[in-house]
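So the protein lines, in turn, are chains B and P.
Residue 130 in our numbering is what sits at position 130 of the first sequence, and the numbering runs on without skipping anything.
Residue 1392 in our numbering is what sits at position 392 of the second sequence, and the numbering runs on without skipping anything.
2 protein chains.
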Amino acid sequence: MKHIYAEVITIGDEILYGQITDTNSQWISAELDKIGIKTIRKTSIGDQKEAILDILKESQERADILIFTGGLGPTKDDITKKTIAEFFNDTLEINPDALGNVRELFESRGFELTEINRQQAAIPTKATYLNNAVGTAPGMWFNQNNKIIISMPGVPFEMQYLMENEVLPRLRVHFKTPFIIHKIIRTVGIGESFLASKIEFWEDALPQHIKLAYLPSMGQVRLRLTGSGDDKEKLKSEIEAEAEKIYPVLGKNLYSLDNEELEQAIAKLLLKNNATLATAESCTGGYLAHSITANAGSSSYYIGSIIPYSNQAKMDLLGVKQETLENFGAVSEETVIQMAEGAKKALKSTYALATSGIAGPDGGTNEKPVGTIWLACAGPNGTVARKILSTKTRLVNIQYGSKAALNLLRKMILNENL
Amino acid sequence: MKHIYAEVITIGDEILYGQITDTNSQWISAELDKIGIKTIRKTSIGDQKEAILDILKESQERADILIFTGGLGPTKDDITKKTIAEFFNDTLEINPDALGNVRELFESRGFELTEINRQQAAIPTKATYLNNAVGTAPGMWFNQNNKIIISMPGVPFEMQYLMENEVLPRLRVHFKTPFIIHKIIRTVGIGESFLASKIEFWEDALPQHIKLAYLPSMGQVRLRLTGSGDDKEKLKSEIEAEAEKIYPVLGKNLYSLDNEELEQAIAKLLLKNNATLATAESCTGGYLAHSITANAGSSSYYIGSIIPYSNQAKMDLLGVKQETLENFGAVSEETVIQMAEGAKKALKSTYALATSGIAGPDGGTNEKPVGTIWLACAGPNGTVARKILSTKTRLVNIQYGSKAALNLLRKMILNENL
């Protein structure tokens, strides 16, 4: 079994000056890892011709695949394309497909195609054009001297589009990689260390060729089983058999075997029950609504949200009582219950979630420190509320509060259907 | 004027596998930049002896300073220290200061000092010990063959402690560095290529020692001027003078000289005018509210949002008329104007922004393709609406629509104050 080695090279003075964090190289190497390609080095260089020529030469001596991002914009400081052409003694020519794509993007936005943008469609003649449907900079694929060299724009969503739709499928075809199979088991509402002690007995008994990784994120832990081998079907059933052993232990903390986001698992539950959802967000300030509506098709079960950032809006739009706010405060069980019930009524939904907390950095007290968040879920059979203590960091509180609210809803729906 | 060049090398398999994002190299190069040391390359390699020996050799040929992080833990996979010793034909010896530090840390936590931890105090004899008061792994400084080589642990707060207290002060003394000054000009509402042709005359006339870079992101372009020279005050005023030439050309597309986000610039405008803001979001689904409320202190100018994802909610909560929805559809100038005016009324705000569009991937028609977004801003002197055409990608449309809405508000406030 031959290993396939890759190097990832990010180009841009702004990376070297420390003005932006390079997240592209992490994303790329994680994707390569999934198809069994090993990243052996990552390099960041500036927008300088000599630096690009040097790394092209060096990296080809070590790796089978070179993946470049950055330096493909229309401006003068972006020189990746012409430097790669120079390296291969090649010239740039307008590629008709690339030009069609640039033209379409400009026309769909009602802009005229300038000469500087027409030049974005020029690529080295030795390159295979990779279609970037979400931007004007083309992707390029070179198969030279038995090495694969790929160049993509540095804008993360453009790079990700190109990787998913053009680069990874081609790499899978070009190289015959060993079979690597991943299975992801998603859990929510249990911390990494608790989970680890709960399933230690199972982890220790896993066979040599199946490895377990814990991938924690906001309120969730994904368990990733990775197996490698030559017999794909055998490997698949081995991983399934190992995974099935642990489901009963995980119980309701297990929420998806299909590597879905919590929002997608909840969408399925709502649709299955012909139910709809509304939200009322104070401290999460729109993030909960955004995390739901980021999913295509959400309008079939999501009615909408009321975000009453001021107390007046809480009274006007959700019917929270003035004396409740005065006696218990906006961050209280009493208020959050009235918010959830008010949203359910105003938006005429089956379920309604509400959040009210102290996101920080200011506004905390001894009794209610920053990170105190009240959550409520109103449903057909009543309302439940729960208090959580998150962190001192505003953005973490916003995101963690949203995920915890979604889990409160998930458990309510599951309990009602038991 | 001699430039001082550095390379930053991060060591760790977890970086190559894409399991963690390397934030150390960004932090280090930003600090180096502040004292005029230019990072010319960043490299990430795994915990392998050959990879470390290779990069030690290569980087010394290019740079004056090599800064390593990672691979200094007590476990077997951490081999940075002994590999550097091997490179210099050196041996490891227990350093008394390092041992004192390790002993103190263990005793203060009530732990016994094991042999494996005693070995953390062993460093190459040619190294100067750098005191890591916040962890057990020592920092090391080598001055060999006229090159400075620094090795620090990869744990971010330990690395930062060592940089601030040991490394940066020594580098300032060792090298006499030129001054590097950056100035960032933030623009919104004009694409990179249009901006580039508009300011080409100015870019071409910049003096040799002042360079311009375009840093594009969603709906925005940051212009970064970077100058280097020996006279700090002179350089500063030269950069200011060059920057000032372009402000009139940028006009209202220029929104910040303080490197602020658009939301922060708008917060300042609202507070200055004693004005408040509400939002009504259909296609942006909460993202606009989130981008505002992600900023601490937003409750002093932001009243809240109504997110009427269903047509019924648009009528119930914002007073959009049924015949408007029937005759023009939810994605129309007429609807979005009623949404903005309805939100202004319901939430009792000075300004209200509304969005209604086809985020995709489904729901597009020939007349209104995916990416069609109507925006409206209602203010004290009336309401304006604008249509934009974004992309086919749901998340891009959500984010781009939100930024464009904010810019519509910004321009309305500016016009009223002219």
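Quick reminder that beta carbons are idealized off the backbone N, C-alpha and C, glycines included.
Remember, predicted model here, so these are calculated numbers, not experimental data.
Neighbours of B:Tyr287 across chain P, judged by C-beta separation under 9 Å: Gly1286, Tyr1287, Ala1289, His1290, Thr1293 and Ala1294. Comparing C-alpha distances from P:Ala1294 to each of B:Ser300, B:Ala294, B:Ala98 and B:Cys283 shows the shortest one belongs to B:Cys283. Counting only Cβ-Cβ distances below 9 Å, B:Lys42 has contacts in chain P at Thr1010, Ile1015, Leu1016, Asp1022, Lys1042, Thr1043, Ser1044 and Ile1045, in chain order. At a cut-off of 8 Å between C-beta atoms, B:Asp77 counts as an interface residue with respect to chain P. Pairing B:Ala404 with B:Lys147, the inter-Cα distance amounts to about 47 Å. DSSP, reduced to helix, strand and coil, places B:Ser151 within a strand of the structure shown. Between B:Ser310 and P:Gly1286, the CB-CB gap reaches or exceeds 8 Å. Among the residues of the segment 99–120 of chain B, those with a Cβ less than 7 Å away from any Cβ of chain P are Ser108, Arg109, Gly110, Thr114, Ile116 and Asn117, in the order of the chain. Looking at the DSSP output, B:Ala280 bridges to B:Ile306 and B:Ala354.
The beta carbon of B:Thr39 falls within 8 Å of a beta carbon belonging to chain P, placing the residue at that interface. Nearest to P:Thr1393 by C-alpha distance, out of P:Ile1184, P:Gly1382 and P:Ile1373, is P:Ile1373.
In the DSSP assignment, P:Lys1038 forms a beta bridge with P:Tyr1005.
Below the 7 Å Cβ cutoff, chain B contributes Ser108, Arg109 and Gly110 as neighbours of P:Leu1389, in chain order. The DSSP-derived three-state label of B:His209 is coil. Straight across, the Cα-Cα distance linking P:Ala1098 with P:Ile1009 is about 23 Å.
Under the three-pair Cβ rule at 8 Å, the segment 179–199 of chain B counts as touching the segment 210–227 of chain B. Within a 10 Å sphere around the beta-carbon of B:Ala241 sit fewer than 16 other beta-carbons, which makes this residue exposed.
Three or more Cβ pairs drawn from the segment 185–192 of chain B and the segment 250–258 of chain B lie within less than 8 Å of each other, which places the two stretches in contact. DSSP, reduced to helix, strand and coil, places B:Ala127 outside both helices and strands of the structure shown, so it counts as coil. The beta carbon of B:Arg41 sits closer than 6 Å to those of Glu7, all from its chain and outside the five residues before and after it, given in chain order. In terms of beta-carbon proximity, B:Arg394 lines the interface with chain P, with at least one pair separated by less than 8 Å.
At least one beta carbon of chain P lies nearer than 8 Å to the beta carbon of B:Pro308. Exclusion of the five residues before and after B:Val134 leaves Phe157, Glu158 and Tyr161 as the residues of its chain whose Cβ lies within less than 7 Å of its Cβ. Contact check for P:Phe1087 against P:Ile1150 fails: the beta carbons are separated by 8 Å or more. Counting other Cβ atoms within 10 Å of its Cβ, P:Thr1075 stays below 16 and is therefore classed as exposed. For chain P, the residues of the segment 205–231 of chain B that bring a beta carbon within less than 9 Å of one of its beta carbons are Ala213 and Leu215, in chain order. The criterion of a C-beta distance shorter than 8 Å is not satisfied by B:Ile181 and B:Ile116. If you look at P:Thr1136, you'll find it isn't in any beta strand (DSSP E); DSSP assigns it neither H nor E. Residue pairing by DSSP puts B:Pro216 in a beta bridge opposite B:Val221.
The beta carbon of P:Leu1406 sits closer than 7 Å to the beta carbons of Leu1262, Glu1263 and Ile1266 from its chain, once the five residues preceding and following it are set aside; these are given in chain order. With fewer than 16 other Cβ atoms from the protein chains shown falling within 10 Å of its own Cβ, P:Lys1234 counts as exposed. In this structure P:Leu1270 touches P:Thr1276 by the C-beta definition: roughly 7 Å separates them, less than 8 Å. With a 10 Å radius around the Cβ and a threshold of 16 neighbouring Cβ atoms, B:Lys272 comes out exposed. Rounded to whole angstroms, the Cβ separation of P:Gly1071 and P:Gly1012 is 7 Å, and the two are in contact under 8 Å. Annotation: P:Ser1151 has no Cβ neighbours in chain B at a cutoff of 7 Å; minimum Cβ distance is about 19 Å. A residue is called buried once 16 or more other Cβ atoms fall within 10 Å of its Cβ, and P:Ser1025 is buried on that count.
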